[in-house]
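Participant: Chains as they are written, first to last, in my numbering: chain A, 1 to 374; chain B, 1001 to 1304.
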């Protein structure tokens, strides 16, 4: 092996081993102490076993999250010590402005207040308005990321449900189909981002080569997907659908297989047709799996990273929030502002998952819970 | 199972296997499945096909799925190219880096997740379910929020540009999803199995090692696949912590290569060759363990 490689591996291996041994010692001591202070053997063992997670949670989650909250109230560029600026970062981020346009021909720059940059222009009739912000890059990223999540997640779920229902029709070679449909989810995000950048490439990309004759028929230019403000979002959604619908359908299929046949029989005896069975048996019984999928997908969609890192868009389209925060922190070295942006993202995720949870009581059916109530 | 008879009755309501309706239905089901399969598979074929083309073969107006002539030397040339940009970025070194990181993190993840899940599922202690709920809730915290202070901590420790931030923190069960899947599996194991051993005086460690570990092998394999895939594909972590090109894993080497070629004329044949190289190991492991893997991940979806 390359001696240079060993030099970089060995110290890590040593520290890895030391941490593992240290963790073992801590667990042993913690267990003994609990027994000493009269804990039940079972409880002491249980608590000791989850100790690695608890330590990791405090050191690698609670502390950094707290530290980033502190940093979000400071200005910090890694060189000088953080300086406290109070709510300035948030005030800058929430400096948003809507300016009306007198006519369609008016330039956006003429109506935007100084220090603000255009986020989105909306033409309505012979007028319209311009949304602008001090931190326009962040809001452009939000403008791309939120619609992306709102569209790609439900469309992906419907596609996945459709495929799962197909696979549940006693098809032959089920194992083969499952393996096939799950494959895109296994592919490294880096590889799939590059692959789709190439497929959507305006010059000689697979998609445009296929579409070219069609476009020539209408005398149009072939589309420049990721750099066209109208097509970037649909292109990103297609990319995400390819990556996720198959994997989700495999998970939903397991849910479908778990639905007792008796429920369908009972529905048939009551004279239910295909749609009524789907509506009153399949959906309620599958709702916990759908719910789990929905929560995980929303959280993932708001944190797209590799796709943004590998697929350049145009400045007016912006990029995804997670990548935008990364750039703010590690390219521009605005650690304080980036932390504030991170906290806004966290709040958005909490609100959206909270919304899904709140709505769940209306549509998620937990068999166990219902039986207990009865 | 009492449902064997009734299953027959249920399916008898559908068109008989000889009727015309049945044939149309079968035709539509398989037609749709094949269509979906093509959507899944064509990009893969396109990736492999591009990786075997010459520069002139890329920019044509026709769709050539089979390159003529095929250029397998792309896979060698690209490393020569990388070597001229950053000496020492050899194929062996980069793959070695990726494997090194992946295996250490994977071992830590599987081992710690199994211990923690064991503690969450087989023992009664006050506050257990609350702690478990908190653990699941951490899924909602965007990774970037902990990365910024995390970066500063590793900087303080002088461990930036080492593999440390990417490896040993895995010993602290950093993946809540793995603990969750593992716990769901533990819950399916009947309690009597370990009770007999405990009555015989076996310690917790003995029960875990001799009884639990063999039983949870299927879910461990599923998590091994997930974990291998997750670490092998990891991009955000290495991007933050590693700066020496010779220490890069594949994901970063790909980005390094992309940044080194012109934006207007990316060398797609090389980029796709790198993507193929990065994908093959994960796909092979996935194919080898597909049964256990697909059954394993489903345990989470079914029970909610």
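Where a beta carbon is used, it is the ideal one built from N, C-alpha and C, also for glycine.
Quick one: what does DSSP say residue 15 of chain A is sitting in, helix, strand or coil?
Facilitator: For the purposes of this step, residue 15 of chain A is taken as residue 15 along the first chain, with counting starting at 1. Here residue 15 of chain A sits in helix by DSSP.
Participant: Using a C-beta cutoff of 8 Å, does residue 215 of chain A count as contacting chain B?
Facilitator: As a working mapping, residue 215 of chain A is identified with position 215 in the first chain. Not one chain B Cβ lies under 8 Å of residue 215 of chain A.
Participant: Distance cutoff 8 Å, beta carbons only. Does residue 272 of chain A sit that close to anything in chain B?
Facilitator: Walking along the first chain from the start, residue 272 of chain A turns up at place 272. No, residue 272 of chain A does not count as interfacial toward chain B.
Participant: Taking contact to mean 3 or more Cβ pairs, one atom from each stretch, closer than 8 Å, check whether the stretch 93-109 of chain A and the stretch 67-76 of chain A are in contact.
Facilitator: In short, these stretches do not touch, since the Cβ pair count stays below three.
Participant: Mind pulling the chain A residues with CB within less than 7 Å of residue 1100 of chain B?
Facilitator: For the purposes of this step, residue 1100 of chain B is taken as the residue at position 100 of the second chain. Going along chain A in sequence order, the residues near residue 1100 of chain B (Cβ under 7 Å) are 9.
Participant: Output, in chain order, the set of chain B residues within a Cβ distance shorter than 7 Å of residue 4 of chain A.
Facilitator: Position 4 of the first chain, counting from 1, holds the residue named residue 4 of chain A. Within 7 Å Cβ-Cβ: 1088, 1246.
Participant: So residue 208 of chain A contacts chain B; which residues on that side make the cut at Cβ distance below 9 Å?
Facilitator: For the purposes of this step, residue 208 of chain A is taken as the residue at position 208 of the first chain. Those do not exist, as residue 208 of chain A stays about 10 Å from chain B at its closest Cβ, beyond 9 Å.
Participant: Where residue 1183 of chain B and residue 45 of chain A are concerned, what is the direct C-alpha to C-alpha distance, given to the nearest angstrom?
Facilitator: On the second chain, position 183 is the one that residue 1183 of chain B refers to. On the first chain, position 45 is the one that residue 45 of chain A refers to. Approximately 16 Å, taken between the alpha carbons.
Participant: From this set, B:1173, B:1061, B:1291, B:1281, which residue's C-alpha is nearest residue 208 of chain A's C-alpha?
Facilitator: As a working note, residue 208 of chain A is residue 208 in the first chain. That would be B:1061, whose Cα lies nearest to the Cα of residue 208 of chain A.
Participant: Specify the secondary structure class of residue 1138 of chain B as computed by DSSP and reduced to three states.
Facilitator: Counted from its first residue, the second chain places residue 1138 of chain B at position 138. Looking at residue 1138 of chain B - three-state DSSP - the assignment turns out to be helix.
Participant: Using a Cβ-Cβ distance under 8 Å, would residue 326 of chain A count as near chain B?
Facilitator: As a position in the first chain, residue 326 of chain A is number 326, starting the count at 1. Closer than 8 Å to some Cβ of chain B, the Cβ of residue 326 of chain A qualifies, so yes.
Participant: I want to see whether chain A comes within less than 8 Å of residue 1081 of chain B, judged by CB atoms only; does it?
Facilitator: Within the second chain, numbered from 1, the residue matching residue 1081 of chain B stands at position 81. Output row for residue 1081 of chain B: interface = no.
Participant: Can you tell me the Cβ-Cβ gap for residue 233 of chain A and residue 147 of chain A, rounded? I've got them flagged as a contact below 8 Å.
Facilitator: Position 233 of the first chain, counted from the start, is the residue given in the question as residue 233 of chain A. Position 147 of the first chain, counted from the start, is the residue given in the question as residue 147 of chain A. About 6 Å; that satisfies the 8 Å criterion.
Participant: With contact counted as at least three CB pairs below 8 Å, one residue from each stretch, are the stretch 317-337 of chain A and the stretch 139-153 of chain A in contact?
Facilitator: Flag = yes, the stretch 317-337 of chain A and the stretch 139-153 of chain A touch.
Participant: Leaving aside the five residues before and after residue 1275 of chain B along the sequence, list all residues of the same chain whose C-beta is less than 8 Å from its C-beta, in chain order.
Facilitator: To locate residue 1275 of chain B, count along the second chain from 1; it is residue 275. Once the five neighbours on either side are set aside, the close Cβ partners of residue 1275 of chain B are 1047, 1051, 1254.
Participant: Taking 8 Å as the CB-CB limit, is residue 1249 of chain B close to chain A?
Facilitator: In the second chain, the residue the question calls residue 1249 of chain B occupies position 249. Chain A contact via Cβ: absent.
Participant: Quick check: the stretch 167-178 of chain A against the stretch 188-197 of chain A, are there 3 or more CB pairs under 8 Å?
Facilitator: Judged by Cβ distances under 8 Å, the stretch 167-178 of chain A makes no contact with the stretch 188-197 of chain A, as fewer than three pairs qualify.
Participant: Classify residue 1306 of chain B: buried if its beta carbon has 16 or more other beta carbons within 10 angstroms, exposed otherwise.
Facilitator: Nothing in the structure corresponds to residue 1306 of chain B, since chain B is present only between 1001 and 1304.
Participant: Between residue 63 of chain A and residue 75 of chain A, what straight-line distance do the alpha-carbon atoms span, to the nearest angstrom?
Facilitator: Position 63 of the first chain, counted from the first residue, corresponds to residue 63 of chain A. Position 75 of the first chain, counted from the first residue, corresponds to residue 75 of chain A. Spanning the two alpha carbons is a distance of roughly 19 Å.
Participant: What residue range is occupied by the uninterrupted beta strand (DSSP E) comprising residue 120 of chain A?
Facilitator: Here the question's residue 120 of chain A lines up with position 120 in the first chain. It spans 117-124 - the beta strand (DSSP E) in which residue 120 of chain A sits, taken as one unbroken run.
Participant: Can you list the residues of chain A that residue 1255 of chain B reaches, using a CB-CB cut of under 8 Å?
Facilitator: Translated into the one-based positions of the second chain, residue 1255 of chain B becomes position 255. In chain order: 190, 309, 310.
Participant: Counting only beta-carbon atoms, is residue 15 of chain A nearer than 8 Å to chain C?
Facilitator: As a matter of chain content, chain C is missing from the structure shown, whose protein chains are A and B.
Participant: Please list the terminal residues of the continuous alpha helix (DSSP H) segment that includes residue 1342 of chain B.
Facilitator: Because chain B in this structure spans residues 1001 to 1304, residue 1342 of chain B falls outside the shown range and cannot be described.
Participant: Between the stretch 342-350 of chain A and the stretch 280-292 of chain A, can you find at least three pairs of beta-carbon atoms closer than 8 Å?
Facilitator: Too few Cβ pairs lie closer than 8 Å, so no.
Participant: For the candidate residues A:111, A:84, A:33, whose alpha-carbon lies nearest to that of residue 337 of chain A?
Facilitator: Locating residue 337 of chain A in the first chain gives position 337, where the first residue counts as 1. With distances taken between Cα atoms, residue 337 of chain A lies closest to A:84.
Participant: Can you tell me whether residue 1203 of chain B is helix, strand or coil according to DSSP?
Facilitator: By 1-based counting over the second chain, the position of residue 1203 of chain B is 203. Correct three-state label for residue 1203 of chain B: coil.
Participant: Look up residue 205 of chain A in the DSSP assignment and say whether it is helix, strand or coil.
Facilitator: For the purposes of this step, residue 205 of chain A is taken as residue 205 along the first chain, with counting starting at 1. Correct three-state label for residue 205 of chain A: coil.
Participant: Looking at chain A, is there any beta carbon in it that lies within less than 8 Å of the beta carbon of residue 1003 of chain B?
Facilitator: Taking the first residue of the second chain as position 1, residue 1003 of chain B is located at position 3. At residue 1003 of chain B, the pLDDT of 39 sits below 50, so the modelled position is not reliable and the matter cannot be decided from this model.
Participant: Run through the DSSP bridge pairs and tell me what residue 942 of chain B is partnered with.
Facilitator: Not covered by the structure: residue 942 of chain B. The range shown for chain B is 1001 to 1304.
Participant: What does residue 343 of chain A reach in chain B if we use C-beta pairs closer than 8 Å?
Facilitator: In the first chain, the residue the question calls residue 343 of chain A occupies position 343. Residues of chain B passing the Cβ test: 1145.
Participant: For residue 133 of chain A, report the span of its beta strand (DSSP E) as first-last.
Facilitator: As a working note, residue 133 of chain A is residue 133 in the first chain. 127-133 is the span of the beta strand (DSSP E), which, as asked, contains residue 133 of chain A.
Participant: For residue 358 of chain A and residue 1134 of chain B, what's the separation of their Cα atoms in angstroms?
Facilitator: Taking the first residue of the first chain as position 1, residue 358 of chain A is located at position 358. Taking the first residue of the second chain as position 1, residue 1134 of chain B is located at position 134. Near 18 Å, if we compare the C-alpha coordinates of residue 1134 of chain B and residue 358 of chain A.
Participant: Does DSSP put residue 341 of chain A in a helix, in a strand, or in coil?
Facilitator: To locate residue 341 of chain A, count along the first chain from 1; it is residue 341. Reduced to three states, the DSSP call for residue 341 of chain A is helix.
Participant: Counting only beta-carbon atoms, is residue 1296 of chain B nearer than 8 Å to chain A?
Facilitator: Stepping through the second chain from its first residue, residue 1296 of chain B is reached at position 296. Residue 1296 of chain B does not count as touching chain A.
Participant: Which of helix, strand or coil does DSSP assign to residue 1268 of chain B?
Facilitator: Against the second chain, residue 1268 of chain B aligns to sequence position 268. Helix at residue 1268 of chain B.
Participant: Are residue 1223 of chain B and residue 1181 of chain B close, meaning C-beta to C-beta below 8 Å?
Facilitator: As a working note, residue 1223 of chain B is residue 223 in the second chain. As a working note, residue 1181 of chain B is residue 181 in the second chain. In this structure, residue 1181 of chain B lies closer than 8 Å to residue 1223 of chain B by Cβ.
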